Structure formats: structure tokens, C-alpha cells
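K.L.:
So the sequences go chain by chain: A and B.
Here the first sequence is numbered in my numbering, starting from 3 and rising by one per residue.
Here the second sequence is numbered in my numbering, starting from 3 and rising by one per residue.
Handing you a structure now.
2 protein chains.
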Amino acid sequence: MSGYSVTQIGTIDSWTGKSFIEGDLGAENLGISINATEPGEGSPFWHSHSRLEEIYIVLDGTGEIAIGDDIVPLSAGTMVRVAPGSMLAVRCLPDSPAPMKWICVRSGDDSLAGVGKDATLDKESPFPWSA
Amino acid sequence: MSGYSVTQIGTIDSWTGKSFIEGDLGAENLGISINATEPGEGSPFWHSHSRLEEIYIVLDGTGEIAIGDDIVPLSAGTMVRVAPGSMLAVRCLPDSPAPMKWICVRSGDDSLAGVGKDATLDKESPFPWSA
């Protein structure tokens with residue numbers, strides 16, 4: 003058994019785009035993504051999970067997360083837990099002083115392999131921030 | 003069903019000590035702690051988990067994690083996955099330019115309640131950085 007694994011994602015300032023880390027780490031129960039979202043940019047579509055719980059951790063910048071009909075403001079230090087079954091989308095505000103840097107962790111009541119692909123995508127519905 | 007919950011942990015600069023967040027968020031599958039470790043300080047004891055996987059995410063400062071007989075250097079951007087069964091301890095280096103700011107997430111192949119208290123503590127063995 004490999005007791006541990008290590009990867010290097012760089013300083014927060016160096017993050018760009020979205021990187022999923024669980025594969026690099028060989029994680030079995032924890033999914034994790036490292037994200038940099040430019041001002042005015044955001045999720046390309048809504049998504050929900052049928053079994054996975056997610057926690058969003060915002061480290062820099064300002065934004066918002068839409069969860070169903072609700073909008074929650076995001077800034078450095080905001081943490082949001084989203085339960086399975088909730089449709090969500092994230093964006094960085096157009097006037098954010100910096101790209102929004104955030105981490106998303108996810109896990110279910112089984113291993114990631116046991117849960118499998120549990121995401122539902124909605125590529126049709128408009129975002130609350132759409133014109 | 004509550005679809006989501008929100009808490010505010012403040013900017014990284016404001017973190018002090020160790021704060022467990024899963025209770026505030028009502029998380030069911032994900033455990034998460036937010037940590038600030040002063041230079042020269044570290045874990046008060048070794049610990050391992052029998053079922054929970056952990057991922058350590060270092061955001062600032064320099065340190066090291068001991069996993070069994072191995073020592074892995076830590077700096078901003080280092081991520082370490084520790085498998086169940088591995089004894090570990092963490093410290094911030096005495097000459098770290100800043101307190102080490104880090105996040106630990108943990109999860110098992112069942113809900114947190116289903117896994118229960120799975121930690122083993124070792125308060126006797128010396129750390130590799132002990133004189």
C-alpha cells in the first residue's frame with residue numbers, strides 16, 4: 003500500500019483555470035479542484051450531484067454562487083457546503099479586484115469509484131447573472 | 003432538506019490556530035480544518051485514521067509532514083494525500099518566513115457519521131524534528 007502521495011500546485015497567485023487533483027494524488031474518497039476564475043467569467047453550465055457533497059472554499063477575489071433560486075456572495079474566506087441534489091453555478095464578479103481563487107472538495111458516502119459519475123448537467127437554463 | 007449552508011472563515015492572513023468547519027456547515031461526508039501553525043510549532047501528537055483519507059493543502063509558509071519514517075517538505079502549493087493507516091505529524095519550520103497556513107480535508111468510504119471516530123493517537127513517539 004502506498005501510504006501517501008504528493009503533488010505541487012504552486013502558489014495561489016500562479017493558479018490558472020480549473021485543475022482536478024485527485025488523479026495526481028491517487029485519492030480514493032476525496033475529489034478536489036483548484037480554480038482561478040477571471041472577473042466576469044463563471045461556470046459554463048449548471049450542475050448538481052446525486053450523491054456527492056461539495057464544499058467551496060474561496061481564497062481571493064469576489065464572486066457569487068447560485069444554488070437553485072438563491073445567490074450567495076463569495077469573498078475571501080467564504081465556505082459553502084452544497085448538498086446532493088442542488089443545482090449550482092459559480093462566477094467571479096465583473097468588478098472583482100482579482101481573479102477568484104477557490105478550491106472545491108467533494109465526497110460521498112462511498113468511495114469516488116463507488117459513487118461513480120453522479121453529476122447532472124443543465125446546459126439550457128440561464129444563469130441569474132445572464133442579461 | 004437544506005440544500006446548502008454558508009460560513010465565513012476570513013482571509014488567510016486572519017486565520018489562527020485550528021478550526022474544524024464541518025460542524026458549522028452541517029457537512030455529512032467531508033471533514034475540513036483550517037489551520038495556522040506558527041514557526042517552530044507543530045502537531046502535539048502523531049495520529050492516523052483507520053478509514054478516513056486525508057488531503058493536506060499548504061497555502062503559505064514552509065514546513066514538513068512526517069509520515070511514518072518519511073519527511074516531506076511543505077511550501078505554498080504542496081498537496082499531500084495520506085492514506086488510512088499512516089501515522090503522521092505536521093510542523094511549521096522554525097525559520098519559516100510566515101506561519102504555515104494549511105487546509106486539511108478528510109473523508110471515508112461512508113458518511114462521517116458512518117465512519118465515526120476512527121483516529122488512533124500516539125502521544126509517546128518522538129517526532130523526527132525533536133532534539
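Where a beta carbon is used, it is the ideal one built from N, C-alpha and C, also for glycine.
Since the model is a prediction, treat every value here as computed from it, not as a measurement.
Rounded to the nearest angstrom, how far is the Cβ of Leu90/A from that of Ser50/A, given a contact under 8 Å?
P.N.:
Confirmed, Cβ separation roughly 7 Å.
K.L.:
Judging by CA-CA distance, which residue of Lys119/B, Trp104/B, Arg83/B is the nearest neighbour of Cys5/A?
P.N.:
Per the sequence shown, the amino acid found at residue 5/A is Gly instead of Cys. Nearest C-alpha to Gly5/A: Arg83/B.
K.L.:
If you count every other CB in all the chains shown that lies within 10 Å of the CB of Asp124/A, and 16 or more means buried, which is it?
P.N.:
Answer is exposed; the Cβ neighbour count stays below 16.
K.L.:
Given 8 Å as the limit, is there contact between the stretch 108-125 of chain B and the stretch 58-65 of chain B, that is, 3 or more CB pairs closer than that?
P.N.:
Result no; under three Cβ-Cβ pairs closer than 8 Å.
K.L.:
Can you pull out the residues from the stretch 104-124 of chain A whose beta carbon lies closer than 8 Å to at least one beta carbon of chain B?
P.N.:
Those would be Ile105, Val107, Arg108, Ser109, Gly110, Asp111, Asp112, Ser113, Gly116, in chain order.
K.L.:
Expressed to the nearest angstrom, what Euclidean distance is found between the alpha-carbon atoms of Trp17/B and Glu40/B?
P.N.:
Near 11 Å, if we compare the C-alpha coordinates of Glu40/B and Trp17/B.
K.L.:
Are there three or more Cβ pairs, one per stretch, closer than 8 Å when the stretch 94-106 of chain A is compared with the stretch 27-43 of chain A?
P.N.:
Because the criterion of three Cβ pairs below 8 Å is met, the stretch 94-106 of chain A and the stretch 27-43 of chain A touch.
K.L.:
Based on the DSSP secondary-structure assignment, which residues constitute the bridge partners of Glu126/A?
P.N.:
None, per the DSSP bridge assignment.
K.L.:
Quick one: using the 10 Å Cβ neighbour count with 16 as the cut-off for buried, is Glu126/A buried or exposed?
P.N.:
With fewer than 16 Cβ atoms within 10 Å of its Cβ, Glu126/A is classed as exposed.
K.L.:
Please list, in chain order, the chain B residues whose beta carbon lies closer than 7 Å to that of Ser132/A.
P.N.:
Within chain B, no residue comes near Ser132/A; the closest Cβ sits about 21 Å away, beyond 7 Å.
K.L.:
Just reading off the alpha helix (DSSP H) that Glu43/B is part of, what are its end residues?
P.N.:
Run containing Glu43/B: none; DSSP gives neither H nor E here.
K.L.:
Return the chain-ordered list of same chain residues with a C-beta closer than 7 Å to the C-beta of Ile59/B, the five sequence neighbours on each side being excluded.
P.N.:
Here the set comprises Met81, Trp104, Ile105.
K.L.:
Please report whether the beta-carbon of Asn37/B lies at a distance below 9 Å from any beta-carbon of chain A.
P.N.:
Output row for Asn37/B: interface = no.
K.L.:
Could you name the residues that DSSP lists as bridge partners for Leu76/B?
P.N.:
In the DSSP output, where bridge partners are listed per residue, Leu76/B has Gly65/B.
K.L.:
Check whether the Cβ atoms of Gly33/B and Asp111/A sit closer than 9 Å, and answer yes or no.
P.N.:
Against a cut-off of 9 Å, the Cβ pair of Asp111/A and Gly33/B comes out as no contact.
K.L.:
What residues from chain B crowd round Thr142/A, counting only those whose CB sits closer than 7 Å?
P.N.:
It is not possible to answer for residue 142/A, since the shown part of chain A is limited to 3 through 133.
K.L.:
Below 8 Å on C-beta distance, what does Ile69/B contact in chain A?
P.N.:
Going along chain A in sequence order, the residues near Ile69/B (Cβ under 8 Å) are Gly5, Tyr6.
K.L.:
To the nearest angstrom, how far is it from the Cα of Ser52/B to the Cα of Arg93/A?
P.N.:
Taking the straight line joining both Cα atoms gives about 38 Å.
K.L.:
Where do the N-terminal and C-terminal ends of the beta strand (DSSP E) with Ala91/B fall, by residue?
P.N.:
It spans 90-94 - the beta strand (DSSP E) in which Ala91/B sits, taken as one unbroken run.
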